[in-house]
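Residues in the sequence shown are numbered from 1 upward in steps of one, following my numbering.
Glycine included, C-beta positions come from ideal geometry on N, C-alpha and C.
In this text, all values refer to a predicted model and were calculated from it rather than measured experimentally.
So the structure is just underneath, and the comments pick up after that.
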Amino acid sequence: MKQTCVRFVALFAFALGSAQPANAKEPLQQRVEAVLAEAGPGTRFGLVVTTADGRELVAVSPTDRFIPASNTKMFPTAATFALVAGLDQPDASGGAAVRLEKSGHGTPDVILTGHGDARLSSADDCTVDCLATLADAVAAKTRHVRDVVGDDSLFPDQRWSPGMSWNNIPSAYGTAISALTLDDNETALRVTPTEVGKPPRVELSRYYAVENRAVTVAAGKTELNVQRLPGQRTILLTGAIAATDEPDVIRLGIDDPAHHAAWRLKALLEARGVKVSGDVKARHRPFMPADDPKLRGATPPVRPPQPEALARLVPPPLIEDLTLTAKVSQNLHAELFLRRLGLIEGTGSIEDGEAVIRAMLADAGVPRTGFDFSDGSGMSTYNRLAPRAVVTFLRWVAAQPWGAAWRATLPVGGVDGTLRNRFKGTELEGRLTAKTGTLNATNALSGYMIAKSGQTLTFSAFANDVPSEASALKAMDAALVLIANEN
């Protein structure tokens with residue numbers, strides 16, 4: 001009798017299983033994994049999605065560590081919201097200044113000093129935060145100066161972060177970081193086609209020289225390349241430009257922003273009738289053990305007071321720059337936020353900025369194994385993040401008094417910034433706010449999305465080791481749309 005009962009129960013259970021509809025859905029986790037697998041072999045994915053109360057809906061390699069690319073920018077911008085007051089007020093502490101300094105020749109030197117402002121401009125149509133304003137102040141005071149010196153010693157001289165690829169240095173993406181920043185530390189090379197078989201015409205600031213080996217061709221795709229060794233001021237232009245194409249504008253990085261800013265100020269002074277009888281120079285502060293919190297001990301050295309300025313600019317509110325940095329993923333500006341954080345209790349070094357971010361993440365309850373940083377922009381391949389750690393951080397941010405304002409700086413899917421062309425025509429168009437990330441063989445996207453039900457989900461997605469032909473970005477977006485439609 002006992003064996004009969006057991007057999008009956010087994011048959012009943014089998015019958016129940018057979019009665020399931022043929023089209024019954026697999027668990028969401030399995031369907032998401034299947035969507036990610038459509039990217040093909042080789043890509044390593046990480047993904048965590050949680051509800052508002054922290055319940056995980058999907059967890060793919062949640063504690064594995066990934067190169068985050070520009071997802072890194074979320075951390076210095078969030079720390080700025082958390083620690084810097086008056087973000088909606090003019091940036092009185094950041095503006096560049098100019099002063100006259102006695103020299104041994106009787107004629108004063110002009111000292112242009114940077115204070116970490118990212119938006120100082122020398123454009124002809126500049127109306128706010130303009131280098132020309134400082135040139136006017138000097139011209140009103142004297143008609144003869146000796147040297148023009150760019151001083152970026154507010155931060156130690158760490159123009160590039162550890163782990164950044166050297167081949168990015170000549171480009172706008174890898175331009176040098178400096179407390180004295182002018183025109184985004186970039187200059188533009190304009191290449192215009194001429195007659196077929198002849199070199200194109202080039203236009204470039206005289207700060208750089210161009211060795212033009214490019215050629216104008218009758219038809220085909222314009223493919224121009226620029227090369228420049230670090231520290232050199234000669235650009236090698238190669239490749240081809242089609243005769244029927246519009247001029248091509250290539251943004252180039254500046255290796256010594258303080259020197260370049262002083263060079264531009266010299267030109268503005270001379271245009272105002274000021275005689276410059278000396279040289280253009282730069283004044284840097286070498287990185288020393290005192291700039292590394294691991295080496296100097298508990299107390300950073302005291303920075304000497306700044307000499308009185310002849311004139312000092314007041315840039316626009318930092319909230320504007322925070323929004324720009326997140327929306328378009330501006331590398332230089334993110335790095336400047338990191339170094340300005342490093343001034344809070346340190347010397348403005350990368351290491352001091354990272355110490356501030358580590359303290360913030362400890363407050364957020366993020367495990368120390370979930371992150372490592374070497375820069376503020378994500379250009380470093382030394383950075384690492386785990387998806388679950390990022391979601392923990394994002395949920396903490398959402399609960400802060402400034403959380404909604406920080407979230408508003410992020411790109412919106414299908415609407416603006418680096419997400420303007422993604423998620424269009426899907427459930428997530430206009431309903432996803434997130435920080436993107438793109439680097440060699442790397443994609444990332446982390447933030448918030450409103451599901452079909454109306455609930456807000458927090459997510460972090462990474463794709464690393466992406467083969468050149470794989471479509472990891474497409475698979476990542478499809479997975480998020482699937483999750484949003486199912487919740």
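Specify, as a first and last residue, the run of the beta strand (DSSP E) that E33 falls within.
Within the sequence shown, residue 33 is the residue found at index 33, counting from 1. DSSP places E33 in no beta strand (DSSP E) but in the uninterrupted alpha helix (DSSP H) bounded by L28 to A37.
| said: Quick check on L229: buried or exposed, where buried means 16 or more other Cβ atoms within 10 Å of its Cβ? | reply: As a working mapping, residue 229 is identified with position 229 in the sequence shown. By the neighbour-count rule (16 or more Cβ atoms within 10 Å), L229 is not buried but exposed.
Are at least three pairs of beta-carbons, each pair with one atom in the stretch 171–182 and one in the stretch 253–266, less than 8 Å apart? Output reads yes: the stretch 253–266 touches the stretch 171–182.
Quick one: what does DSSP say A475 is sitting in, helix, strand or coil?
If you number the sequence shown from 1, residue 475 lands on position 475. In the displayed model, A475 falls within a helix according to three-state DSSP.
- Is it buried or exposed for N383, if we count other Cβ within 10 angstroms and need 16 for buried? Taking the sequence shown and counting its residues from 1, the one referred to as residue 383 is at position 383. It is buried - the Cβ of N383 has at least 16 other Cβ atoms within 10 Å.
Review point. Who pairs with C126 in a beta bridge, going by DSSP?
Key: Here residue 126 corresponds to residue number 126 of the sequence shown, with the count starting at 1. Per DSSP, none; premise fails for C126.
Item checked: Local Cβ density within 10 Å of S468, reported as buried at 16 or more and exposed below that -> By 1-based counting over the sequence shown, the position of residue 468 is 468. Residue burial is scored here from C-beta neighbours: S468 has fewer than 16 other C-beta atoms within 10 angstroms and is therefore classed as exposed.
Note to self: How far does the beta strand (DSSP E) with D248 in it extend, from its first residue to its last?
What the structure shows: Counting from one through the sequence shown, the residue named residue 248 turns up at place 248. Element bounds for D248: D248 to G253.
Where N487 and A386 are concerned, what is the direct C-alpha to C-alpha distance, given to the nearest angstrom?
By 1-based counting over the sequence shown, the position of residue 487 is 487. By 1-based counting over the sequence shown, the position of residue 386 is 386. Answer to the nearest angstrom: the Cα atoms are 24 Å apart.
task = Would you mind working out which of A434, A78, N440 and G40 sits nearest V328, comparing C-alpha positions?
result = Position 328 of the sequence shown holds residue 328. Comparing Cα-Cα distances from V328 to each of A434, A78, N440 and G40, the minimum goes to A434.
Within the continuous beta strand (DSSP E) that includes R368, where are the two ends?
As a first step, residue 368 must be located in the sequence shown, where it is residue number 368. That residue, R368, is in no beta strand (DSSP E); it is neither H nor E in DSSP.
Next on the checklist: Rounded to whole angstroms, what is the Cα-Cα separation between L236 and Q227?
Outcome noted: As a position in the sequence shown, residue 236 is number 236, starting the count at 1. As a position in the sequence shown, residue 227 is number 227, starting the count at 1. Between the alpha carbons of L236 and Q227 lies a gap of roughly 5 Å.
So the candidates are Y208, G278, S161 and I319; which of them puts its Cα closest to the Cα of A404? Position 404 of the sequence shown, counted from the first residue, corresponds to residue 404. Ranking Y208, G278, S161 and I319 by Cα distance to A404 puts I319 first.
Under the assumption that S103 contacts R146 (Cβ atoms under 8 Å), give the Cβ distance between them as a whole number of angstroms.
As a working mapping, residue 103 is identified with position 103 in the sequence shown. As a working mapping, residue 146 is identified with position 146 in the sequence shown. Between S103 and R146 a beta carbon distance of about 5 Å is seen, short of the 8 Å cut, so the two are scored as contacting.
Continuous beta strand (DSSP E) assignments of at least 3 residues falling wholly in the stretch 159–241: Segments of the beta strand (DSSP E) lying fully in the stretch 159–241: 186–192, 201–203, 209–212, 215–217 and 223–227.
Extent of the continuous alpha helix (DSSP H) to which A59 belongs = Counting from 1 along the sequence shown, the entry for residue 59 is found at position 59. Counting along the chain, A59 falls outside any alpha helix (DSSP H), though it belongs to the beta strand (DSSP E) covering E56 to V60.
* Asked: Roughly how many whole angstroms lie between the Cα atoms of V138 and R303?
  -> Here residue 138 refers to the residue found at position 138 when the sequence shown is read from its first residue. Here residue 303 refers to the residue found at position 303 when the sequence shown is read from its first residue. Put simply, the backbone Cα of V138 is about 26 Å away from that of R303.
Keeping to the same chain, check which residues put their C-beta closer than 7 Å to that of S453; ignore five residues upstream and five downstream. Along the sequence shown, one-based indexing puts residue 453 at 453. If we look at S453 and ignore the five residues flanking it on each side, its Cβ neighbours are N487.
Item to complete: Identify which residue in G54, T175, D91 and V98 has its Cα closest to the Cα of E308.
Response: Residue mapping note: residue 308 aligns to position 308 of the sequence shown, counting from 1. Closest option to E308, Cα to Cα, is V98.
Nonlocal neighbours in the same chain, by C-beta distance under 7 Å from D157, ignoring five residues either side
Against the sequence shown, residue 157 aligns to sequence position 157. Around D157: H284, R285, P286 and F287.
Fill in: Inter-residue CB distance, L134 and A282 (contact presumed, cutoff 8 Å)
Reading the sequence shown from its first residue, position 134 is the one you call residue 134. Reading the sequence shown from its first residue, position 282 is the one you call residue 282. Going by Cβ atoms, the distance from L134 to A282 rounds to 17 Å, so no, they are not a contact pair.
Span of the beta strand (DSSP E), counted from its first residue to its last, around V110: Against the sequence shown, residue 110 aligns to sequence position 110. Counting along the chain, the beta strand (DSSP E) containing V110 begins and ends at D109 to T113.
Decide if L265 is buried, meaning its Cβ has at least 16 other Cβ atoms within 10 Å, or exposed. Locating residue 265 in the sequence shown gives position 265, where the first residue counts as 1. L265 comes out buried.
Confirm, please, whether the CB-CB distance from I254 to N167 is below 9 Å. As a working mapping, residue 167 is identified with position 167 in the sequence shown. As a working mapping, residue 254 is identified with position 254 in the sequence shown. Taking 9 Å as the Cβ cut-off, N167 and I254 do not qualify as a contacting pair.
Taking only three categories from DSSP, how would you classify V328?
Here residue 328 is taken as the residue at index 328 of the sequence shown, counted from 1. The three-state secondary structure of V328, taken from DSSP, is helix.
- Span separating the alpha-carbon of S380 from that of C130: Residue numbering aside, residue 380 sits at position 380 when the sequence shown is read from its first letter. Residue numbering aside, residue 130 sits at position 130 when the sequence shown is read from its first letter. Rounded to the nearest angstrom, the two C-alpha atoms are 31 Å apart.
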